[in-house]
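Colleague:
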């Protein structure tokens with residue numbers, strides 16, 4: 448069935464080269480909408496738009512693909528509407544490969560995420576919430592699926608594996624995700640095991656119900672428990688998925704996350720590996736070396752909108768997280784571009800002083816110019832990583848950026 | 448001195464053709480930063496950014512010029528800062544002609560405008576204010592100049608003709624405006640006369656103090672009083688300005704505005720004529736026929752951000768003000784572009800359904816795509832008007848749009 452699905456979805460993945468010193472690898476994902484060279488950073492187009500950007504911007508940036516959120520599009524404007532309008536590619540005028548997630552992560556972010564006030568690597572949500580502020584849990588999870596209350600109209604909705612597959616089919620994305628439950632880093636062993644077992648049942652159901660024209664990735668769960676991660680890896684990878692995604696929780700720190708990858712990745716075969724929701728600069732290096740092919744994350748565009756713009760080494764380093772804060776008064780008359788080595792349209796045309804002016808004046812154009820820079824920066828970083836793998840010099844590149852091997 | 452100034456500013460204006468049936472004319476303004484074919488609609492870049500757009504968007508739209516606001520840039524980021532950064536063109540990465548206003552209009556909008564709660568053609572401000580809500584007058588006007596309180600920090604600033612010329616010189620725009628006082632449609636005859644006399648004194652002072660490298664337009668005031676408008680026209684046009692602008696108040700209705708133009712324009716010579724702050728579709732036709740060469744107005748981009756998108760005839764007409772409201776539920780599954788005849792990037796790529804989705808989802812990309820459409824629409828309208836003047840068919844074009852001669 449997998450071979451059949453692959454043929455029908457025009458999906459394939461080839462490993463072109465393996466790094467001799469790590470699990471990093473160079474690859475190429477092919478879909479009906481084109482090819483993605485890996486390792487790659489997939490920009491997030493939550494509501495069928497990478498926030499503040501048009502599809503012309505994505506084309507100008509050379510974005511090879513994007514990831515849209517099933518949960519959000521199901522509620523707004525509705526997957527049936529998008530299907531009647533000709534599918535997601537046509538709707539958002541983006542003719543390259545589109546990933547969709549399964550909607551399961553929203554069960555986390557509206558359920559445990561709200562209750563525990565944490566994100567998937569254990570950090571508190573950055574939206575200015577305090578830890579003692581406890582939100583209503585808007586989600587009810589059972590073995591059948593997830594009931595959740597819409598943030599838009601307060602109506603209850605139900606999502607299960609079959610529905611998730613149906614919605615993703617209507618959206619018409621190229622690469623879809625199996626329905627899963629993403630647990631919290633605060634979930635205990637017993638709860639995490641129960642959620643993992645549900646995820647495994649849903650994995651089988653997703654395979655059974657998915658649209659054969661779409662490539663389907665299974666999701667490995669198991670939280671931060673070694674035996675559960677191993678069990679989940681072996682279970683999910685034994686199924687005929689087109690690719691494998693690693694879901695949260697990934698523990699409470701970056702080293703926990705690295706540990707999870709070390710439990711999981713060595714047990715996987717050659718199929719493509721996606722790490723869900725991760726993508727800071729240091730994460731990219733560490734996770735590529737641990738065998739990850741693709742990442743999706745809102746961080747580069749979200750921090751751009753909040754004034755944090757990426758800079759490369761030597762000025763950018765792990766201490767400043769490769770960021771400058773453009774609102775700082777020191778940039779008021781700074782004629783230089785955000786990053787002197789960057790060739791993005793923002794850096795080619797505008798000074799730090801101009802971007803600071805737009806930011807402090809709350810001009811709408813800021814959000815686009817800032818997002819263009821941060822995404823270009825990520826794409827260029829991935830390009831450098833691919834080139835380094837090709838030339839066997841990934842450790843040198845990593846050392847230049849992270850000051851460590 | 449005017450000839451000298453013209454040479455030094457590389458500014459010239461040529462009337463290429465006059466319409467046999469009206470005062471409409473085809474012309475070309477030349478500046479050191481390029482040529483503007485007239486009649487032309489000048490987009491407003493208040494804070495050195497046409498709201499939601501980058502200079503790459505302006506270039507793609509073929510925008511020939513832009514108008515920035517002296518008052519706003521003086522306060523933020525400061526004209527001295529912009530000068531040190533190489534001037535406005537470099538700051539905003541826009542290498543085409545830039546107009547700046549004198550800052551005088553803000554005296555109106557922060558002074559009488561707030562007190563009387565009206566805009567320059569007598570309409571109430573659209574920001575949801577009620578007429579009985581009376582704001583603090585943040586402006587003190589004397590024969591010397593205008594003291595005003597900054598909206599940003601509450602500090603008092605002072606602007607006079609000499610300062611306005613100095614600020615505009617630092618900004619480095621191509622076409623600058625004489626310092627003036629814009630009165631309210633509710634100002635009585637005596638007050639309007641006093642303000643006009645001040646404006647005349649300031650006109651002479653502006654000529655004396657302006658940067659000879661910049662083309663200077665005088666501003667005709669006089670409110671909605673025939674004798675004052677005639678007096679102001681004769682006084683200002685007798686001075687060696689490079690062009691002439693007609694300032695508000697323009698009365699309490701569109702027909703009042705037409706009347707003002709009929710008092711003023713026949714008394715003018717061939718120099719270019721700019722109508723400040725006007726630019727709805729019907730205004731463009733009526734005012735071009737009454738001899739106006741250039742317009743500036745925030746309306747097309749402002750209404751775009753609020754969901755009103757332009758459509759041409761036959762679907763667009765004076766009753767619907769050539770607008771659709773994209774938030775309407777009727778567009779939820781409408782696959783057609785905003786305007787089927789429009790060739791802007793927004794209409795070429797996206798459906799009404801997609802734009803409605805972005806608008807109702809408050810996606811930042813909406814503001815740019817909507818502004819691109821409305822500005823392209825205005826530029827295309829002006830192009831059609833220029834072509835019609837060339838071919839002696841302006842009345843036919845106007846009739847097709849406004850259903851009247």
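Chains as they are written, first to last, in my numbering: chain A, 448 to 852; chain B, 448 to 852. Just so it is clear, CB atoms sit at the ideal spot from N, CA and C, and this is done for glycine as well.
(1) Can you tell me which of the three DSSP states residue 806 of chain A falls into?
(2) Does chain A have any CB closer than 8 Å to the CB of residue 501 of chain B?
(3) Thinking C-beta only, is residue 727 of chain B closer than 8 Å to residue 668 of chain B?
(4) Using C-beta distances below 6 Å, list every residue in its chain close to residue 616 of chain A, excluding the 5 sequence neighbours before and after it, in chain order.
(5) Which ranges would you report for the alpha helix (DSSP H) in the stretch 680–748 of chain B if only whole runs of at least 4 residues count?
(6) Can you tell me which of B/502, B/843, B/823, B/740 puts its alpha carbon nearest to the alpha carbon of residue 540 of chain B?
(7) Specify, as a first and last residue, the run of the beta strand (DSSP E) that residue 487 of chain A falls within.
(8) What residue range is occupied by the uninterrupted alpha helix (DSSP H) comprising residue 821 of chain A?
(9) Which value, in whole angstroms, describes the spacing of the CA atoms of residue 585 of chain B and residue 840 of chain B?
(10) Where does residue 776 of chain A land, buried or exposed, given buried means 16+ other C-beta within 10 angstroms?
(11) Cα separation between residue 770 of chain A and residue 818 of chain A?
(12) Beta-carbon separation of residue 732 of chain A and residue 845 of chain A under 8 Å?
(13) Please compile the residues from chain B whose C-beta is within a distance smaller than 9 Å of the C-beta of residue 556 of chain A.
(14) Going along the stretch 524–548 of chain A in order, which residues come within less than 8 Å of chain B, judged by CB to CB distance?
(15) Cβ of residue 510 of chain B within 8 Å of Cβ of residue 477 of chain B?
(16) Quickly, what does DSSP pair residue 755 of chain A with across the bridge? List them, please.
(17) Let me confirm a value: residue 635 of chain A is counted as buried when at least 16 other C-beta atoms fall within 10 Å, else exposed. Which label applies?
(18) How far does the alpha helix (DSSP H) with residue 616 of chain A in it extend, from its first residue to its last?
(19) The alpha helix (DSSP H) spanning residue 850 of chain A covers which residue range?
(20) Is the number of C-beta pairs between the stretch 733–745 of chain A and the stretch 772–787 of chain A that are closer than 8 Å three or more?
(21) Run through chain A and tell me which residues come within less than 7 Å of residue 810 of chain B, C-beta to C-beta.
(22) Between the stretch 682–701 of chain B and the stretch 825–834 of chain A, do at least 3 Cβ pairs fall closer than 8 Å?
(23) In whole angstroms, what is the alpha-carbon distance linking residue 460 of chain B and residue 789 of chain A?
(24) Over what stretch of residues does the alpha helix (DSSP H) that includes residue 507 of chain B continue unbroken?
(25) Which residues does DSSP pair with residue 624 of chain B in a beta bridge?
(26) Taking its Cβ as the centre, do 16 or more other Cβ atoms sit within 10 Å of residue 499 of chain A, making it buried, or is it exposed?
(27) How many angstroms separate the CA atom of residue 672 of chain A from the CA atom of residue 712 of chain A?
(28) Taking its Cβ as the centre, do 16 or more other Cβ atoms sit within 10 Å of residue 448 of chain B, making it buried, or is it exposed?
(29) Distance cutoff 8 Å, beta carbons only. Does residue 801 of chain B sit that close to anything in chain A?
(30) Figure out for me which residue from A/709, A/836, A/744 has the closest Cα to the Cα of residue 547 of chain A.
(31) The stretch 765–786 of chain B: which residues have C-beta closer than 7 Å to a C-beta of chain A, in chain order?
(32) What are the boundary residues of the alpha helix (DSSP H) that residue 513 of chain A is part of?
(33) As a quick exercise: from A/679, A/766, A/748, A/850, pick the residue whose alpha carbon is nearest that of residue 823 of chain A.
(34) Can a CB atom of chain A be found closer than 8 Å to the CB of residue 821 of chain B?
(35) Out of B/814, B/795, B/520, B/806, which has the shortest C-alpha to C-alpha gap to residue 774 of chain B?
(36) With a cut-off of 8 Å on the beta carbons, I'd call residue 663 of chain A and residue 689 of chain A a contact; round off their distance for me.
Modeller: In brief:
(1) It is helical.
(2) Residue 501 of chain B counts as touching chain A.
(3) no
(4) 658
(5) 701–711, 728–736
(6) B/502
(7) 487–490
(8) 812–837
(9) 48 Å
(10) So residue 776 of chain A counts as exposed.
(11) If you take the alpha carbons of residue 770 of chain A and residue 818 of chain A, they lie about 13 Å apart.
(12) yes
(13) Here the premise fails: no neighbours, minimum Cβ distance about 17 Å.
(14) 524, 528, 531, 532, 533, 538, 539, 540
(15) no
(16) A/772
(17) exposed
(18) 608–618
(19) Residue 850 of chain A -> no alpha helix (DSSP H), and no H or E assigned at all.
(20) no
(21) 494, 496, 498
(22) no
(23) About 41 Å.
(24) 502–508
(25) B/664
(26) buried
(27) 15 Å
(28) Bear in mind that a pLDDT of 37 at residue 448 of chain B, under 50, signals an unreliable position, so the number given afterwards is only what the model happens to contain. That one is exposed.
(29) yes
(30) From the listed residues A/709, A/836, A/744, the smallest Cα separation to residue 547 of chain A is found for A/744.
(31) If the cut-off is 7 Å between Cβ atoms, the stretch 765–786 of chain B has 779, 780, 782 near chain A.
(32) Run containing residue 513 of chain A: none in the alpha helix (DSSP H); it sits in the beta strand (DSSP E), 513–515.
(33) Nearest option by C-alpha distance: A/748.
(34) no
(35) For the residues B/814, B/795, B/520, B/806, the minimum Cα distance to residue 774 of chain B belongs to B/806.
(36) 6 Å
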